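>
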Amino acid sequence: MTAEPLLTSSLPSDLDTERLPRHVAVIMDGNGRWAQQRGLPRIMGHRRGVDTLKKLLRTCSDWGVMALTAYAFSTENWGRPLEEVDFLMTLFERVLRQELAEMMEEGVRIQFVGNLQSLPASLQTEIDKAVQQTRHNPGIRFTVATNYGGRQEIVQACRAIAKQVQQGKVALEDIDESMFAHHLYTAGLDDPDLLIRTSGEMRISNFLLWQLAYAELYVTDALWPDFNTLEFHQALCAYQKRHRRFGKV
Ligand code: FPP
């Protein structure tokens with residue numbers, strides 16, 4: 001494990017403010033393995049994972065990244081053992097309740113993307129409360145993907161548009177990329193510039209399939225609970241060395 005460096009809260013001097021990713025997305029993988037390597041139950045990895053996410057959110061905010069999106073629970077994650085799913089739902093709820101005051105203090109604007117109606121009612125209540133209370137905050141935009149699946153998101157957008165066509169409200173020629181993007185959960189949020197995935201897996205796992213079209217991908221072997229400020233700094237250095245061409249020459 002890499003030692004946490006003594007960094008100040010401001011952007012490290014080797015990073016260029018002008019070329020920071022505006023929006024960073026993260027696939028927080030490796031919580032279970034982190035715990036198992038220590039002979040702990042998997043849920044301890046998720047608990048530590050929350051601390052990592054909190055620190056990353058603060059670092060992004062301090063360094064001038066405008067938006068952070070985290071993949072907290074995928075539509076496929078319901079297939080995990082019931083105790084683990086229950087633990088995660090309770091954890092999300094508790095974290096939201098405990099962190100709301102601090103998010104208000106730090107100006108964080110939180111939002112959720114995914115099929116939220118299938119989440120436990122008590123979690124939906126905490127989500128609504130946090131989203132409503134923070135909606136006018138001026139700071140970093142923090143998006144949590146919960147019960148999220150990229151394919152499911154695209155299908156629901158298609159259905160919504162098809163319905164409007166059926167009702168004669170929209171003509172086929174009106175459907176373009178921008179209109180389609182407005183029917184995704186992420187409507188109004190710029191696409192991520194950088195996707196970070198921990199624990200070495202080279203996959204995007206049904207995350208933001210539409211929105212990641214031109215994102216730079218960065219994969220680190222660090223397990224999510226070990227993804228510290230130094231690791232994030234390295235990810236940003238790698239990002240700043242890339243030449244983004246968006247399909248052009
Ligand atoms: C993947 O690791 C991690 C998850 C499925 C859960 C991530 C959730 C958090 C870190 C909590 C976030 C909290 C809020 C409120 C947003 P894994 O279990 O797949 O690890 P493994 O690949 O080692 O098994």
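Numbering of the sequence shown is given in the working numbering, commencing with residue 1 and proceeding in unit increments.
Positions of the beta carbon are idealized from the N, C-alpha and C atoms, including for glycine.
Predicted, not measured: the structure shown is a model, and the values here were computed from it.
In this structure, what does DSSP give as the bridge partners for Glu-216?
Leu-194
> Count the other CB atoms within 10 Å of the CB of Thr-17; is the residue buried (16 or more) or exposed (fewer)?
By the neighbour-count criterion, in which 16 or more other beta carbons inside 10 Å mark a residue as buried, Thr-17 falls on the exposed side.
> If you draw a straight line from the alpha carbon of Thr-220 to that of Gly-200, how long is it in whole angstroms?
Rounded to the nearest angstrom, the two C-alpha atoms are 5 Å apart.
> Ignoring anything shorter than 4 residues or poking outside the region 24-109, list the alpha helix (DSSP H) runs there in chain order.
31-37, 42-63 and 82-105
> Just to confirm, does Ala-72 get its C-beta within under 7 Å of one of the non-hydrogen atoms of the ligand FPP?
yes
> Can you give me the Cβ contacts of Trp-34 inside the same chain, cut-off strictly under 6 Å, excluding the 5 residues immediately before and after it?
Gly-45, Leu-223 and Pro-225
> Starting from Tyr-148, follow the beta strand (DSSP E) in both directions and report where the run begins and ends.
Counting along the chain, the unbroken beta strand (DSSP E) around Tyr-148 starts and ends at 141-148.
> Quick one: Cα of Ala-238 to Cα of Gly-139, how far?
25 Å
> Please report the residue range of the alpha helix (DSSP H) in which Ser-122 lies.
121-134
> Out of Ala-160, Gly-49 and Trp-63, which one is the CA nearest neighbour of Ser-10?
Trp-63
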